[in-house]
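Numbering (UniProt numbering), first residue to last: 1 to 185. Step one of this worksheet: look at the structure below.
Next up, the structure:
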């Protein structure tokens with residue numbers, strides 16, 4: 001057994017979990033497992049799919065809309081016009097790329113007597129529009145909604161920054177927006 005303390009999950013040795021590389025392609029290896037004293041060869045999953053249901057553990061009524069969304073998403077991945085519109089929105093509205101700041105005092109604090117130690121940099125996501133990285137995700141989703149002809153967006157968030165980002169982006173693209181934010185009991 002392999003244990004990952006930060007995940008709090010035990011994974012049987014030899015089973016490689018799906019990982020995401022920088023080209024947005026899922027990769028995995030096929031593996032062999034024992035089941036009731038029989039050896040079963042597991043098939044390598046389709047990229048982006050896993051498990052008996054392809055990773056979609058949702059009510060049956062949502063399967064068709066999710067398949068439609070997946071097809072739209074896959075076509076947009078190849079759409080240079082969409083990518084250019086998203087890049088312009090990230091640059092001009094969100095404020096991307098946010099600056100990388102060299103934290104001189106922190107760097108000096110962690111140097112040893114010989115002057116060796118880490119160079120510490122801070123990625124200043126707080127300087128982007130909305131004060132958080134969440135705007136980058138929400139703006140892409142709003143552009144996708146706009147591209148597919150949606151008139152409104154409904155979202156559930158656990159953080160106020162995400163709700164603020166959703167509301168701001170929906171206002172920019174003239175989309176109605178309903179936001180559900182949980183409360184603490």
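A virtual CB, placed ideally from N, CA and C, is assigned to each residue, including glycine.
What are the residues that DSSP puts in a beta bridge with residue 75?
-> Position 75 of the chain shown, counting from 1, holds the residue named residue 75. Looking at the DSSP assignment, residue 75 forms no beta bridge with any residue, so it has no partner.
Beta strand (DSSP E) containing residue 102: first to last residue?
-> Taking the chain shown and counting its residues from 1, the one referred to as residue 102 is at position 102. Per DSSP, residue 102 belongs to the beta strand (DSSP E) from 100-102.
Along the chain, where does the beta strand (DSSP E) that runs through residue 181 open and close?
-> Position 181 of the chain shown, counting from 1, holds the residue named residue 181. Residue 181 -> beta strand (DSSP E) spans 176-181.
Might you give, ordered along the chain, the residues of its own chain that have their beta carbon closer than 6 Å to the beta carbon of residue 178, omitting 5 neighbours on each side?
-> Residue numbering aside, residue 178 sits at position 178 when the chain shown is read from its first letter. The residues are 154.
DSSP three-state call for residue 58: helix, strand or coil?
-> By one-based count along the chain shown, residue 58 stands at place 58. Coil, per DSSP.
By a C-beta neighbour count over all protein chains shown, 10 Å radius and 16 as the cutoff for buried, is residue 103 buried or exposed?
-> Residue mapping note: residue 103 aligns to position 103 of the chain shown, counting from 1. Residue 103 should be labelled exposed.
Quick one: Cα of residue 132 to Cα of residue 125, how far?
-> In the chain shown, counting from the first residue as 1, residue 132 sits at position 132. In the chain shown, counting from the first residue as 1, residue 125 sits at position 125. When rounded, the distance between both Cα atoms is 6 Å.
Which runs of the beta strand (DSSP E) fall wholly inside the region 87-124 and span at least 3 residues, in chain order?
-> 100-102, 121-123
From residue 81 to residue 97, what distance separates their C-alpha atoms?
-> Locating residue 81 in the chain shown gives position 81, where the first residue counts as 1. Locating residue 97 in the chain shown gives position 97, where the first residue counts as 1. Spanning the two alpha carbons is a distance of roughly 20 Å.
May I ask you to report which of helix, strand or coil DSSP gives residue 156?
-> In the chain shown, residue 156 corresponds to position 156, counting from 1. If DSSP states are grouped into helix, strand and coil, residue 156 belongs with the strands.
Inspect the beta-carbon positions of residue 135 and residue 165 and report whether they are closer than 8 Å.
-> Taking the chain shown and counting its residues from 1, one reaches residue 135 at position 135. Taking the chain shown and counting its residues from 1, one reaches residue 165 at position 165. For residue 135 and residue 165, yes; Cβs fall inside 8 Å.
Report, in whole angstroms, the separation of the C-beta atoms of residue 130 and residue 168, which I expect to be a contact under 8 Å.
-> Here residue 130 refers to the residue found at position 130 of the chain shown. Here residue 168 refers to the residue found at position 168 of the chain shown. That belief holds up - the Cβ atoms of residue 130 and residue 168 are roughly 6 Å apart, short of 8 Å.
Using the Cα positions of residue 137 and residue 75, report the straight-line distance between them to the nearest angstrom.
-> Numbered from its first residue, the chain shown carries residue 137 at position 137. Numbered from its first residue, the chain shown carries residue 75 at position 75. Answer to the nearest angstrom: the Cα atoms are 18 Å apart.
Helix, strand or coil for residue 163, going by three-state DSSP, please let me know.
-> Here residue 163 refers to the residue found at position 163 of the chain shown. Here residue 163 sits in helix by DSSP.
Whose C-alpha, out of 162, 176, 84, is nearest the C-alpha of residue 145?
-> Here residue 145 corresponds to residue number 145 of the chain shown, with the count starting at 1. Nearest option by C-alpha distance: 176.
Output yes or no for whether 8 Å exceeds the beta carbon distance between residue 143 and residue 85.
-> Working through the chain shown from its first residue, we reach residue 143 at position 143. Working through the chain shown from its first residue, we reach residue 85 at position 85. The answer is yes: Cβ separation under 8 Å.
Taking the Cβ atom as the reference point for each residue, do residue 122 and residue 93 lie within a distance shorter than 8 Å?
-> Translated into positions along the chain shown, residue 122 becomes position 122. Translated into positions along the chain shown, residue 93 becomes position 93. Contact flag unset, no.
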